[in-house]
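In the working numbering, the protein residues as written are 34 to 649. Ideal Cβ placement from N, Cα and C applies to all residues, glycine included.
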């Protein structure tokens, strides 16, 4: 067991500044060290206890106070005087590093009985480790740590990359926020053996750029590894886009553009993320586009070449996408390149023959029936689907807007016979036009007639009649149509494959709400792309965790998992013994029952990190 002799250290610590000559350019710079002075048989000698680096910024006049405060912490003494906050923080950091550097790792089954003064027991440096622990295990399961080394990342760069990715999963935010979290609140550094206090902020940005530069290799590695781990079959490809907005004008960002914001932030410039997933929800490929990108125009760029390196069967995956991307040009491109597809139809025609339909889903909340029709003109199979749950929703929405539209018409009609109300025929017609525009969803169902007094030029009467259009959702509420080039699939398989699009929607929800996709604060195009790519990498980790938990019937969202795991921390317990020793024990707290359940389901240790014991 390593032992520091207290009498040799107390009152003999001091800070030394040393001038160093750079080997690269011959320039000079200063480095700082915590040194102890020790009397030996041959005289007084100095020993370096800790290298404080080149960024040690505490003023020289505070160095003696810092050394004394470090001595107090190591000996378990409370300061009798008020300590400057900068000195206290620096002293706590230095003492913690000294304790770890002089530690003895506790061996299982060993005993170490001591008589201690209970009044001296102190707990310090709490650092969260729960969510970090499971995220790190997922990262290592995916072989990401080894892959980074293969791609040329050295040890500090690999640590920075791990911190960046896991930070996005556990504490979503900007690179600046992640840097502070790694340095001040997370125990991830202890789990991987790296001191994040030495990591400069600019290195966080550089590592993000470096990850982006290896994007293709990382995405291919992760997807193949996930296929191997979970036995995935590359038979289905899901594709969709979402966008995020910027805080600021982003005038220097070539990707920033105003467009249709899915968060209703039309006042902000946007950037668009395209994502290709397999049927299990694992990302296959991602790409960042301009905020005003034409969605249909991105398909060929994202799908082309996905079959390269696929299984020996040679079959191309079936592409599943929603109506926004399913243009005729895109379907022609898929057909030309021999990709089967299953898409939501953009056509307004709706029909449904209940007698010819089959039930594909039935529970207490909803029944879904599908009616299959072969279209000889296009050679496609059309699948008309009727959902009782969707019918209730469509009907309720339609009735609400029909009621509002008719109330507006009635108000306009009654005003024709009241003073100071709108009566001029041309203005009445203009008003009706604006009402049709406002209630466009239902106004198409109405024929409106306005009677004009030719002599006075006023409208004298307004009448209307509702007639829902045939073969549309007006007459077939709850019915939607799917189109597919697959010929050998039955109704149930087609419908269940289509519902996989909800997995993609769930991914986007997770990226946006759980992983901090919105908003983006970067102003440079490359930084924006790297920020979004780190979010996608973090999603690989949490989806791996959730897939594994799902096999054990644990279906929590990542937000809930993160919250459950957040209370487990690593702490240092310090105490003075009757023989004059001060013992410092660094370990993780005992997991709560819910945390233990998660760890057991994942097959990982329940107390992250080693038990570190130091005697001074």
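Alpha carbon of residue i to alpha carbon of residue j, nearest angstrom
{"i": "residue 218", "j": "residue 161", "result": "6 Å"}
{"i": "residue 474", "j": "residue 460", "result": "23 Å"}
{"i": "residue 316", "j": "residue 225", "result": "26 Å"}
{"i": "residue 609", "j": "residue 616", "result": "6 Å"}
{"i": "residue 42", "j": "residue 101", "result": "In this prediction, residue 42 scores a pLDDT of 44, lower than 50, which makes its location untrustworthy; no coordinate-derived value is stated."}
{"i": "residue 375", "j": "residue 505", "result": "21 Å"}
{"i": "residue 642", "j": "residue 170", "result": "12 Å"}
{"i": "residue 164", "j": "residue 308", "result": "25 Å"}
{"i": "residue 535", "j": "residue 580", "result": "16 Å"}
{"i": "residue 635", "j": "residue 533", "result": "25 Å"}
{"i": "residue 45", "j": "residue 74", "result": "17 Å"}
{"i": "residue 502", "j": "residue 448", "result": "30 Å"}
{"i": "residue 126", "j": "residue 626", "result": "32 Å"}
{"i": "residue 452", "j": "residue 329", "result": "53 Å"}
{"i": "residue 466", "j": "residue 483", "result": "12 Å"}
{"i": "residue 334", "j": "residue 322", "result": "11 Å"}
{"i": "residue 360", "j": "residue 415", "result": "16 Å"}
{"i": "residue 539", "j": "residue 363", "result": "24 Å"}
{"i": "residue 104", "j": "residue 243", "result": "41 Å"}
{"i": "residue 546", "j": "residue 205", "result": "9 Å"}
{"i": "residue 476", "j": "residue 213", "result": "55 Å"}
{"i": "residue 494", "j": "residue 462", "result": "12 Å"}
Other residues of its chain near residue i: CB distance less than 8 Å, five sequence neighbours each side excluded
{"i": "residue 631", "result": "167, 582, 587, 594, 597, 598"}
{"i": "residue 208", "result": "197, 234, 237, 238, 241, 564"}
{"i": "residue 116", "result": "98, 102, 124"}
{"i": "residue 412", "result": "518"}
{"i": "residue 95", "result": "117, 119, 120"}
Extent of the continuous alpha helix (DSSP H) to which residue i belongs
{"i": "residue 256", "result": "248 to 263"}
{"i": "residue 134", "result": "118 to 134"}
{"i": "residue 427", "result": "421 to 447"}
{"i": "residue 335", "result": "332 to 336"}
{"i": "residue 473", "result": "473 to 476"}
{"i": "residue 101", "result": "96 to 108"}
{"i": "residue 514", "result": "Run containing residue 514: none in the alpha helix (DSSP H); it sits in the beta strand (DSSP E), 512 to 517."}
{"i": "residue 597", "result": "591 to 598"}
Exposed unless 16 or more other CB atoms sit within 10 angstroms - verdict on residue i
{"i": "residue 61", "result": "exposed"}
{"i": "residue 249", "result": "exposed"}
{"i": "residue 564", "result": "buried"}
{"i": "residue 93", "result": "exposed"}
{"i": "residue 79", "result": "exposed"}
{"i": "residue 182", "result": "exposed"}
{"i": "residue 222", "result": "buried"}
{"i": "residue 382", "result": "exposed"}
{"i": "residue 36", "result": "Residue placement at residue 36 is flagged as unreliable, the pLDDT there being 45, under the threshold of 50; a coordinate-derived value is accordingly withheld."}
{"i": "residue 653", "result": "Residue 653 falls outside the range modelled here, since the chain spans only 34 to 649, and no answer is possible."}
{"i": "residue 277", "result": "buried"}
{"i": "residue 571", "result": "buried"}
{"i": "residue 266", "result": "exposed"}
{"i": "residue 151", "result": "exposed"}
{"i": "residue 396", "result": "exposed"}
Endpoints, beta strand (DSSP E) assigned at residue i
{"i": "residue 395", "result": "391 to 395"}
{"i": "residue 496", "result": "491 to 499"}
{"i": "residue 79", "result": "76 to 86"}
{"i": "residue 225", "result": "Segment 221 to 225 is the alpha helix (DSSP H) holding residue 225; no beta strand (DSSP E) there."}
{"i": "residue 715", "result": "Not covered by the structure: residue 715. The range shown for the chain is 34 to 649."}
{"i": "residue 54", "result": "46 to 54"}
{"i": "residue 647", "result": "645 to 648"}
Cβ-based neighbour list, residue i, same chain, cut-off 6 Å, excluding 5 preceding and 5 following
{"i": "residue 159", "result": "602, 604"}
{"i": "residue 573", "result": "255"}
{"i": "residue 639", "result": "624, 629, 632"}
{"i": "residue 386", "result": "404"}
{"i": "residue 69", "result": "42, 45, 46, 80, 82"}
{"i": "residue 342", "result": "Note that residue 342 has pLDDT 43, beneath the 50 cutoff, so the model's placement of it is unreliable and the number below is only indicative. Excluding positions up to five away in sequence, the list is empty."}
{"i": "residue 176", "result": "258"}
{"i": "residue 51", "result": "64"}
{"i": "residue 611", "result": "148"}
Contacts around residue i, its chain only, beta-carbon distance under 7 Å, and the 5 residues preceding and following it disregarded
{"i": "residue 236", "result": "193"}
{"i": "residue 511", "result": "419, 420, 421, 423, 424, 427"}
{"i": "residue 326", "result": "305"}
{"i": "residue 490", "result": "457, 458"}
{"i": "residue 368", "result": "518"}
{"i": "residue 229", "result": "196, 215, 216, 222"}
{"i": "residue 269", "result": "311, 312, 350, 351, 353, 530, 533"}
{"i": "residue 372", "result": "336, 349, 352"}
Count the CB pairs spanning the stretch 397 to 414 and the stretch 522 to 529 that are closer than 8 Å, and state whether there are at least three. yes
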